[in-house]
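K.L.:
12 is the number of the first residue of the sequence shown in my numbering; add one for each residue after it. Where is the CB? At the ideal position from N, CA and C, for every residue including glycine. Here you go, one structure.
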Amino acid sequence: MEVDDRIHGILNFSQLEFFCKRFNIEPKELHANFDGWRKLILYTEDKVFLFPRDPSGIFWLDMETTAYELFNDYPNLPVPRFLEKVEDDKISYFNFTVASRLTGIPYSKLEDDVNFEMLSRMLTNLSSVFTLWHEIPIQKLPEKIKQRIELFDENQYKWEIQLLNPDTMPEAIDYVHQKFIEYIEKYHKDLLKILNSHQTKNIWNQCLEEIVSLPHTLIHADIHEDQILIESKDNMRITGILDWETVMCGNPVWEFNFFEWGLKIWNWWKYFTEIRRSMWKIYLEKRGIELRTLEGLDLFYTLSEFLIILKPEKSLRNLIGNDFSSSLKLCLEKVVKITERIAFELKK
């Protein structure tokens, strides 16, 4: 077996010698991974060695390490296990972490070949997996995780953050409703009568109040195709969730955020309502949560997509292949259908 020369992009020859001696590893057993934004990875068949990419990565690796230490108490979670923190300047200028290596194929490597049934199966499996760490009691979380509450980019998620805050939720709904009516009148006036007949804003309030009131949980907060390990394309069983540097406390709906994914998931945009409804149904059943309607998750993210469409620099054309007008009309129609379904379900 040849030595993977890329390992010298992480450790020089002297550092590698000390590293191999300390861990009783042959250089030919090591491989390197440079995909992480903030970390560099060496790995063997059963271990990963996580190094900060530069000083800015120290904090993020510390958060990831804290998560893995916590997870050692929960053997049912499909996550890496903490093995060791290492401080050794003969090996690295930065402290680094040793964790167990999970088996599986990154979903991103299968994504080109999946059909809708396979995608749906994987995502409903993912919903079930979410519940495993969402059930960890908040009081069991380390302080540095408990204090990290929904630290999302306010430039990217300003409206979503505002909506999920009970104090600012009414203002957020007023804003999106005003924008919605404005663009309905410009681009799809025939839908205005339907919306008005359903007292849209009141319906949105009732539905989204249930979402906002969900208790905060431990959340990964950056789930996407590179971080989901799959056993095989045949069964789409999830064997692991990686990269926990973004771990925090927050509303569980953040885990269902497709904006953290790459472009390929958006090939299925017209099916997002069906996908989200299935994911949400499984999730709520697994957690024993009863809501008046299953439409809340889809309403939240479809309104979010509507606002994204309005940002010229964030046009969904790159995501779903449609121009501004077509994207907007499709989204307006989608929200109207969701609103009608919510109105029907709330009457039950």
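1) Is it a yes or a no for the stretch 46 to 53 touching the stretch 97 to 104, going by three-plus beta-carbon pairs under 8 Å?
2) Since residue 148 sits in a beta bridge, which residues does DSSP pair it with?
3) Which complete beta strand (DSSP E) runs does the stretch 171 to 237 hold, if anything under 3 residues is left out?
4) Assuming residue 222 contacts residue 264 (C-beta within less than 8 Å), just tell me the rounded distance between them.
5) Kindly give me the distance between the Cβ atoms of residue 234 and residue 266, rounded to whole angstroms, as I take these residues to be in contact under 8 Å.
6) Roughly how many angstroms separate the alpha carbons of residue 82 and residue 231, rounded to a whole number?
7) Would you mind sorting residue 167 into buried or exposed? The rule is 16 or more other CB atoms within 10 Å of its CB.
8) By alpha-carbon positions, which one of 316, 319, 353, 295 ends up nearest to residue 141?
9) By DSSP, does residue 324 sit in helix, in strand, or in coil?
10) Go through its chain and collect everything with a Cβ distance to residue 257's Cβ below 7 Å, but skip five positions before and after it.
11) Within the chosen definition, does the stretch 163 to 178 reach the stretch 271 to 283 through at least 3 CB pairs nearer than 8 Å?
12) By the three-class DSSP mapping on this structure, what secondary structure does residue 267 have?
13) Per DSSP, which one or two residues make a beta bridge with residue 261?
14) What does DSSP give as the partner residues of residue 19 in its beta bridges?
15) Just confirm the distance between the C-beta atoms of residue 219 and residue 310, as a whole number of angstroms; I'd bet it's less than 8 Å.
16) Check the DSSP bridge columns for residue 43 and list the partner residues they point to.
17) Closer than 7 Å by C-beta to residue 95: which residues in its own chain qualify, once you throw out the five before and the five after it? Chain order, please.
P.N.:
Looking at the atomic coordinates:
1) No: the two stretches stay apart, fewer than three of their Cβ pairs being nearer than 8 Å.
2) Along the sequence shown, read from residue 1 onward, the residue named residue 148 stands at position 137. DSSP output for residue 148 lists no bridge partner at all.
3) The stretch 171 to 237 contains these whole beta strand (DSSP E) runs: 228 to 230.
4) For the purposes of this step, residue 222 is identified with residue 211 of the sequence shown, where counting begins at 1. For the purposes of this step, residue 264 is identified with residue 253 of the sequence shown, where counting begins at 1. Contact annotation, residue 222 with residue 264: C-beta distance approximately 6 Å; criterion of less than 8 Å satisfied.
5) Your numbering for residue 234 matches position 223 in the sequence shown. Your numbering for residue 266 matches position 255 in the sequence shown. In this structure residue 234 touches residue 266 by the C-beta definition: roughly 6 Å separates them, less than 8 Å.
6) Reading the sequence shown from its first residue, position 71 is the one you call residue 82. Reading the sequence shown from its first residue, position 220 is the one you call residue 231. In this model, residue 82 and residue 231 are separated by some 12 Å (Cα to Cα).
7) On the sequence shown, position 156 is the one that residue 167 refers to. In this structure residue 167 is exposed. Its beta-carbon is surrounded by fewer than 16 other beta-carbon atoms within 10 angstroms.
8) Walking along the sequence shown from the start, residue 141 turns up at place 130. It is 295 whose Cα lies nearest to the Cα of residue 141.
9) Taking the sequence shown and counting its residues from 1, the one referred to as residue 324 is at position 313. Residue confidence for residue 324 is low, a pLDDT of 48 falling below 50, so the modelled location carries little weight and cannot support an answer.
10) Along the sequence shown, one-based indexing puts residue 257 at 246. The answer, listed in chain order, is 231, 232, 233.
11) Fewer than three Cβ pairs drawn from the stretch 163 to 178 and the stretch 271 to 283 lie within less than 8 Å of each other, which leaves the two stretches out of contact.
12) Here residue 267 refers to the residue found at position 256 when the sequence shown is read from its first residue. In this structure, residue 267 counts as helix in the three-state DSSP scheme.
13) Translated into positions along the sequence shown, residue 261 becomes position 250. In the DSSP assignment, residue 261 forms a beta bridge with 228.
14) For the purposes of this step, residue 19 is taken as the residue at position 8 of the sequence shown. The partner list for residue 19 (beta bridge, DSSP) is empty, contrary to what the question assumes.
15) Locating residue 219 in the sequence shown gives position 208, counting from the first residue. Locating residue 310 in the sequence shown gives position 299, counting from the first residue. Their Cβ separation, rounded to whole angstroms, is 7 Å, which keeps residue 219 and residue 310 in contact under 8 Å.
16) For the purposes of this step, residue 43 is taken as the residue at position 32 of the sequence shown. For residue 43, which the question treats as bridged, DSSP gives the partners 53.
17) For the purposes of this step, residue 95 is taken as residue 84 along the sequence shown, with counting starting at 1. Here residue 95 has 109 as same chain residues with Cβ atoms under 7 Å from its own Cβ, once five neighbours each way along the sequence are excluded.
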